[in-house]
Amino acid sequence: MDLFRALDQSGPPFEVVRLRTVPSGCARWFQAWITSSSFAKLSIAKALTNVASLRVDLSERSTTSVNVGVEMRIINWCFVTFYVVEQACLIWAYGPRIFFSRLGNIFGLTTVCLLLVVKIVELGFLVAEIRGHHTFLNFTLWDVVRLTNILLLTRAVRIVQLFTWTQLVVGVLQDLPRNLTPVLGVMATAYYVYALLGMDLFKGVIRYNANDTARFECGTYQQLEYWSVNFDDFASSLILLWDLMVVNNWFVIVNAYQEAVSLWVHVYMISWWLLVPVGLLSLVTAFVIETFLYRRDLYFKAKALLDQPLEVVTQQVCVNVPSAQPPVTSTPIVTVVREDDTQSTEADLICVEPFVGTHQRRPTVLYPSSLDDIFRSALQEPSESDLLHELQKNDYLRALLSASETDGQSAT
């Protein structure tokens, strides 16, 4: 099995990056709490409470008063202060390197920074309104408040961390750009070729008619004023092909070009429909379903290892983890860095980690060794030296080579 595992290597080895070390015991306990799931749940509960307060604020404005309530602005400032402190604690606990290696953390920090800037602007508008001064901007105080509410609502997106199935869906969506790159590249090529072919065949066959559209039959290309959907330029051709792919009234466009050219236009339209909507879109749907099923199977596989001893788990699924670096962190995601220290990524590695200060264990993430890695640009085959090293470790092959050498010496 080691031989086949060596032949199935899909990338360079990874190493686990530990959290930053802190000197005192209280700081270590605080770091463990910040990186635990309880702090994440507290943050999500705070975001949901903020959404409820925004709902009360909007209801009060629509029913009682048209002015912006100062009390709700103070409450929102309390929430913003909590978000700023939260981001500062996360950067301190994880360290800048691990914190900024995750897109979710960058998105949260960017949202909080924008929220703090908008709240300062809102405070300036509020003070100017109380003192009776006029601002030189074309924004009202309520416009700034609505922008603040939008930024506050984005914090509630973190509710997906509470449920396993939402985490699986988000993980699938994150991997789709990498997994679907080859298929989307073929689709972009089909768009380009068909757009150029359509411009050569049908450019200028439909001309704009300035007459009253009421004279045309209801539901036709002319009556619906689809004049911009044509093959007169490259951008319009792309829009027309997109309409043929997704819009449910594609037959209106087909009938218009049939009347303008001939029945042979169906060859172009049907070939496009068979290639892209039927072929490529079905392949994209299959990739999405397969990725979700793969993530779900990995989750249940990790869940089944919870009751196993840690030694058994390590021998079965953590063979690629260096033995000198056992997983001891309580972070929800294990951040890893390649040995050449050029790229940070999150390793999908089945490791049942112990919580800090407890004897409980839980599954984290899973090491990617699936078929979808073949379609990724990060695919790297094992070097010849790695293969020879693994082959020399095989007992049966070593015995066979020894027997061959013995037979050769006896024959000479």
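Residue numbers (full-length UniProt numbering): 1 to 412. Beta carbons: idealized from backbone N, C-alpha and C, even for Gly. Everything numeric in this text was worked out from a predicted model, so none of it was measured.
Please name the residue in Ile130, Arg296, Val127 and Ile120 whose C-alpha comes closest to that of Thr148.
Ile120
Tell whether a beta-carbon distance below 8 Å holds between Val186 and Leu280.
In contact: Val186 and Leu280 (Cβ atoms closer than 8 Å).
Could you spell out where the alpha helix (DSSP H) holding Ser182 opens and where it closes?
In the sequence under discussion, the amino acid at residue 182 is Pro, which differs from the Ser named in the question. Counting along the chain, the alpha helix (DSSP H) containing Pro182 begins and ends at Thr181 to Phe202.
Taking only the alpha-carbon atoms, compute the straight-line gap between Val112 and Leu197 and give it to the nearest angstrom.
49 Å
Pull up the distance between the alpha-carbon of Asn249 and that of Ile289, whole angstroms please.
28 Å
Specify the secondary structure class of Tyr226 as computed by DSSP and reduced to three states.
Correct three-state label for Tyr226: coil.
Residue nearest to Val252 in terms of C-alpha spacing, selected from Phe234, Asn230, Ser271 and Ala235
Selected option, being the one with the closest Cα: Asn230.
Can you tell me whether DSSP reads Ile289 as helix, strand or coil?
helix
Within its chain, find whatever has a CB closer than 8 Å to the CB of Val84; leave out the 5 residues flanking it on each side and keep chain order.
Val112 and Leu116
Less than 8 Å between the C-beta atoms of Ser228 and Met199, yes or no?
no
Validate contact between the segment 164-175 and the segment 290-297 using beta carbons, cut 8 Å, 3 pairs
yes
Whose CA, out of Val56, Asn105 and Asn50, lies closest to the CA of Thr81?
Taking only the C-alpha atoms, the option nearest Thr81 is Asn50.
Do Ile34 and Leu90 have their beta-carbon atoms positioned less than 8 Å apart in this structure?
For Leu90 and Ile34, yes; Cβs fall inside 8 Å.
If contacts are defined as beta-carbon pairs under 8 Å, then Leu397 and Tyr299 qualify, I think. What distance do you get, rounded to the angstrom?
Between Tyr299 and Leu397 the Cβ distance is about 37 Å, and since that is not below 8 Å, they are no contact.
With DSSP collapsed to three states, give me the class of Ser383.
Assignment of Ser383 by DSSP, reduced to helix, strand and coil, places it in the coil class.
Pro96: first and last residue of the uninterrupted alpha helix (DSSP H) it sits in
Start and end: Pro96 to Phe99.
Excluding the 5 residues flanking Ala93 on each side, which residues of the same chain have their C-beta closer than 6 Å to its C-beta?
Gln31, Ile34 and Thr35
If you reduce the DSSP assignment to three classes, tell me which class Thr35 lands in.
Three-state result, Thr35: coil.
Should Thr406 go down as buried or exposed, given a rule of 16 or more other Cβ atoms within 10 Å for buried?
Exposed is the call here.
Give me the Cα-Cα distance between Leu48 and Val56, rounded to the nearest whole angstrom.
13 Å
Rounded to the nearest angstrom, what separates Asn209 and Pro277 at their Cα positions?
Each residue's CA atom was taken as its position, placing Asn209 and Pro277 some 31 Å apart.
Would you please state the rounded distance, in angstroms, between the beta carbons of Tyr194 and Trp272? I believe it to be under 8 Å.
About 6 Å; that satisfies the 8 Å criterion.
Run the CB neighbour count on Glu217, radius 10 Å, all protein chains shown included, and call it buried at 16 or more, exposed below.
exposed
What does a CB cutoff of less than 8 Å around Ala256 pick up in its chain, not counting 5 residues either side in sequence?
Ile206, Thr220, Tyr221, Gln222 and Tyr226
With Thr21 as the anchor, note down where its alpha helix (DSSP H) starts and where it stops.
Taken as a continuous stretch (DSSP letters only), Thr21 belongs to no alpha helix (DSSP H), as it is neither H nor E.
Expected contact under 8 Å - CB spacing of Val183 and Val144 to nearest Å
By a beta-carbon distance limit of 8 Å, Val183 does not contact Val144. Their separation comes to about 43 Å.
In whole angstroms, what separates the C-alpha of Ser344 from that of Arg97?
Unreliable placement is indicated for Ser344, whose pLDDT of 37 sits below 50; the coordinate value is still reported in the next sentence. Rounded to the nearest angstrom, the two C-alpha atoms are 9 Å apart.
Please classify residue 436 as buried or exposed, where buried requires at least 16 neighbouring CB atoms within 10 angstroms.
Look at the range of the chain in this structure, 1 to 412, and you will see that residue 436 is not part of it.
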